Amino acid sequence: MTESVRVTFLPANRMVLAQRGDTLLDVALENRIEMPHECGGNCACMTCHVHILKGADLLSKPEEVEQDRLLSAENLQAHSRLGCQAILQGTGEVLVELVEEATW
10 MTESVRVTFL PANRMVLAQR GDTLLDVALE NRIEMPHECG GNCACMTCHV HILKGADLLS
70 KPEEVEQDRL LSAENLQAHS RLGCQAILQG TGEVLVELVE EATW
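Per my numbering, the sequence shown runs over residues 10 to 113.
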(Lines of atoms letter the chains of each structure in order from A; the text may use other names.)
(Lines give C-alpha, C1' and ligand atoms only; values in the text may rest on other atoms or scores of the structure.)
Protein backbone atom coordinates (compact mmCIF):
# COMPACT_ATOMS: atom_id res chain seq x y z
CA MET A 10 0.00 0.00 0.00
CA THR A 11 1.37 3.39 -1.00
CA GLU A 12 1.54 5.97 1.76
CA SER A 13 0.06 9.34 1.00
CA VAL A 14 1.56 12.78 1.31
CA ARG A 15 -0.40 15.84 2.36
CA VAL A 16 0.21 18.68 -0.08
CA THR A 17 -1.18 22.15 0.58
CA PHE A 18 -1.28 24.63 -2.29
CA LEU A 19 -1.19 28.36 -1.53
CA PRO A 20 -2.60 30.95 -1.94
CA ALA A 21 -5.87 28.95 -1.87
CA ASN A 22 -4.78 27.01 1.24
CA ARG A 23 -6.10 23.82 -0.39
CA MET A 24 -4.85 20.55 1.10
CA VAL A 25 -4.99 17.34 -0.93
CA LEU A 26 -3.67 13.82 -0.47
CA ALA A 27 -1.10 12.67 -3.01
CA GLN A 28 0.89 9.53 -3.71
CA ARG A 29 4.64 9.16 -3.55
CA GLY A 30 6.05 9.14 -7.07
CA ASP A 31 3.75 11.91 -8.34
CA THR A 32 5.10 15.30 -9.36
CA LEU A 33 3.63 18.44 -7.82
CA LEU A 34 2.20 19.25 -11.25
CA ASP A 35 0.50 15.83 -11.39
CA VAL A 36 -1.00 16.41 -7.94
CA ALA A 37 -2.29 19.85 -8.86
CA LEU A 38 -3.89 18.71 -12.11
CA GLU A 39 -5.43 15.57 -10.56
CA ASN A 40 -7.09 17.78 -7.95
CA ARG A 41 -8.27 20.52 -10.33
CA ILE A 42 -5.79 23.03 -8.98
CA GLU A 43 -4.66 25.18 -11.85
CA MET A 44 -0.89 25.23 -12.14
CA PRO A 45 0.41 26.80 -15.35
CA HIS A 46 2.41 24.37 -17.48
CA GLU A 47 2.84 25.77 -20.98
CA CYS A 48 5.35 23.09 -22.03
CA GLY A 49 3.14 20.23 -20.86
CA GLY A 50 5.39 19.35 -17.94
CA ASN A 51 8.58 18.71 -19.90
CA CYS A 52 10.92 21.13 -18.09
CA ALA A 53 11.04 23.34 -21.17
CA CYS A 54 9.57 26.47 -19.55
CA MET A 55 9.18 27.92 -16.04
CA THR A 56 5.44 28.43 -15.81
CA CYS A 57 5.07 25.77 -13.08
CA HIS A 58 7.61 27.54 -10.85
CA VAL A 59 6.68 27.11 -7.17
CA HIS A 60 8.18 27.89 -3.79
CA ILE A 61 8.39 25.01 -1.32
CA LEU A 62 7.63 26.53 2.08
CA LYS A 63 7.66 23.23 3.98
CA GLY A 64 8.68 19.67 3.17
CA ALA A 65 11.43 20.29 0.61
CA ASP A 66 13.20 17.23 2.00
CA LEU A 67 10.22 15.08 0.91
CA LEU A 68 10.85 15.94 -2.75
CA SER A 69 13.36 14.60 -5.23
CA LYS A 70 16.59 16.56 -5.56
CA PRO A 71 16.58 18.99 -8.49
CA GLU A 72 18.42 17.68 -11.52
CA GLU A 73 20.80 19.87 -13.51
CA VAL A 74 18.28 20.70 -16.25
CA GLU A 75 15.81 22.02 -13.64
CA GLN A 76 18.53 24.00 -11.85
CA ASP A 77 19.62 25.56 -15.15
CA ARG A 78 16.05 26.48 -16.05
CA LEU A 79 15.44 28.08 -12.65
CA LEU A 80 18.52 30.31 -12.96
CA SER A 81 16.51 32.68 -15.15
CA ALA A 82 13.29 32.51 -13.10
CA GLU A 83 11.77 35.64 -11.64
CA ASN A 84 11.28 35.60 -7.87
CA LEU A 85 13.85 32.81 -7.44
CA GLN A 86 14.17 31.60 -3.85
CA ALA A 87 16.26 29.00 -2.07
CA HIS A 88 13.44 26.46 -2.28
CA SER A 89 12.22 27.26 -5.79
CA ARG A 90 11.23 24.21 -7.83
CA LEU A 91 9.46 23.42 -11.06
CA GLY A 92 6.24 21.59 -10.28
CA CYS A 93 6.78 19.24 -13.22
CA GLN A 94 10.13 18.08 -11.84
CA ALA A 95 9.54 17.94 -8.08
CA ILE A 96 8.64 14.31 -7.30
CA LEU A 97 7.10 13.35 -3.96
CA GLN A 98 9.44 10.83 -2.35
CA GLY A 99 8.71 10.91 1.35
CA THR A 100 5.66 10.97 3.56
CA GLY A 101 4.53 13.93 5.57
CA GLU A 102 3.47 17.44 4.64
CA VAL A 103 4.51 19.65 1.76
CA LEU A 104 3.48 23.31 1.57
CA VAL A 105 3.62 24.72 -1.96
CA GLU A 106 3.18 28.35 -2.98
CA LEU A 107 2.28 28.95 -6.61
CA VAL A 108 4.42 31.75 -8.01
CA GLU A 109 2.24 32.75 -10.96
CA GLU A 110 -1.35 33.87 -10.63
CA ALA A 111 -3.61 30.85 -10.74
CA THR A 112 -7.34 30.53 -11.30
CA TRP A 113 -9.02 28.59 -8.53
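Beta carbons are placed, not taken as given, at the ideal position from N, Cα and C, and that holds for glycine. Since the structure is predicted, the reported quantities are computational estimates derived from the model, not experimental observations.
Exercise for review: Output the boundary residues of the alpha helix (DSSP H) element that contains Glu75.
Suggested key: Glu73 to Leu79
Exercise for review: Could you name the residues of the same chain whose beta carbon sits closer than 7 Å to that of Val108, not counting the 5 residues immediately before and after it, in chain order?
Suggested key: His58, Val59, His60 and Asn84
Check your understanding: In the structure shown, what three-state DSSP assignment does Val36 receive?
Key -> helix
Check your understanding: Since Val61 is in the beta strand (DSSP E), which residue starts that stretch and which ends it?
Key -> The sequence given here places Ile at residue 61; Val does not occur at that position. From DSSP, the beta strand (DSSP E) with Ile61 extends over His58 to Lys63.
Exercise for review: List the endpoints of the continuous beta strand (DSSP E) containing Thr17.
Suggested key: Ser13 to Leu19
Check your understanding: So, helix, strand or coil for Leu67, using DSSP?
Key -> helix
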